[in-house]
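Enquirer: Residue numbers for the sequence shown follow full-length UniProt numbering, so the first one is 1 and each next one is one higher.
Every residue gets a Cβ at the ideal spot worked out from N, C-alpha and C, and that includes glycine.
Mind looking over this structure? Questions follow.
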Amino acid sequence: MELDHEEEVPYLPMNEDQFSQAKQSMNAGQKEIFTLVTQSIQNQMSGAEERLRIFFTGGAGVGKTFLLKLLRDQINRCYAKDAVKVCSLTGVAARLINGATIHSTLKLPVQKDGRITGALKTDRGIRPYVMRLRQA
1 MELDHEEEVP YLPMNEDQFS QAKQSMNAGQ KEIFTLVTQS IQNQMSGAEE RLRIFFTGGA
61 GVGKTFLLKL LRDQINRCYA KDAVKVCSLT GVAARLINGA TIHSTLKLPV QKDGRITGAL
121 KTDRGIRPYV MRLRQA
């Protein structure tokens with residue numbers, strides 16, 4: 001499958017058996033994050049205004065991609081819709097997480113073959129968009 005650099009890798013949710021098996025195979029750290037995110041969603045659905053902002057990191061092979069895919073499925077299941085947009089810094093990482101690059105997702109300009117492409121389509125340029133992101 002050949003994808004344009006702007007396209008997101010198609011996302012296919014896990015079926016019930018895959019989801020259940022994935023949850024059972026989480027390690028302790030993954031379970032802690034999964035529980036934290038699930039509890040935050042339940043709190044939000046009960047009217048809580050506080051929003052969870054989470055960043056997880058680790059070395060190669062520790063299960064970051066596995067956890068991200070599982071969290072994506074859990075969040076979409078909780079909200080009963082495709083509520084998650086995932087992105088990464090590189091195209092390789094974007095493919096691993098079935099997402100897109102940050103530049104593509106946020107329509108940030110990139111340099112390709114000496115030309116700047118992909119800039120936001122706005123009279124005010126990119127600065128107002130970045131400012132809104134910082135205030136969130």
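Measure the beta-carbon distance from Ile102 to Ser88 and round it to whole angstroms, keeping in mind my assumption that it falls under 8 Å.
Expert: About 7 Å; that satisfies the 8 Å criterion.
Enquirer: Rounded to a whole number of angstroms, what is the C-alpha to C-alpha distance between Lys23 and Leu12?
Expert: Cα to Cα, the separation comes out at about 17 Å.
Enquirer: Whose C-beta lies closer than 8 Å to the C-beta of Lys64 among residues of the same chain, with five residues either side of it excluded?
Expert: Contacts found: Phe56, Thr57, Gly58.
Enquirer: Rounded to whole angstroms, what's the CA-CA distance from Ser40 to Ser104? Just pull it up for me.
Expert: Answer to the nearest angstrom: the Cα atoms are 28 Å apart.
Enquirer: How would you label Ser20, buried or exposed, when you count the other beta carbons within 10 angstroms and need 16 or more for buried?
Expert: Exposed: under 16 other Cβ atoms inside 10 Å.
Enquirer: Can you name the residues that DSSP bridges to Arg115?
Expert: Note: Arg115 sits in a beta bridge opposite Lys112.
Enquirer: Kindly give me the distance between the Cβ atoms of Leu70 and Phe34, rounded to whole angstroms, as I take these residues to be in contact under 8 Å.
Expert: That belief holds up - the Cβ atoms of Leu70 and Phe34 are roughly 7 Å apart, short of 8 Å.
Enquirer: How many angstroms separate the CA atom of Thr38 from the CA atom of Glu16?
Expert: Thr38 and Glu16: Cα-Cα distance of roughly 17 Å.
Enquirer: Give the list of continuous alpha helix (DSSP H) stretches no shorter than 4 residues that lie fully inside the segment 46-97.
Expert: Taking only runs of at least 4 residues, the alpha helix (DSSP H) segments lying wholly in the segment 46-97 are 64-79, 91-96.
Enquirer: Please report the residue range of the alpha helix (DSSP H) in which Gly23 lies.
Expert: Note that residue 23 corresponds to Lys in the displayed sequence, not to Gly. Segment 16-24, the alpha helix (DSSP H) holding Lys23.
Enquirer: What separation, rounded to the nearest whole angstrom, lies between the Cα atoms of Ala60 and Ala100?
Expert: If I take the Cα positions, the gap works out to 20 Å.
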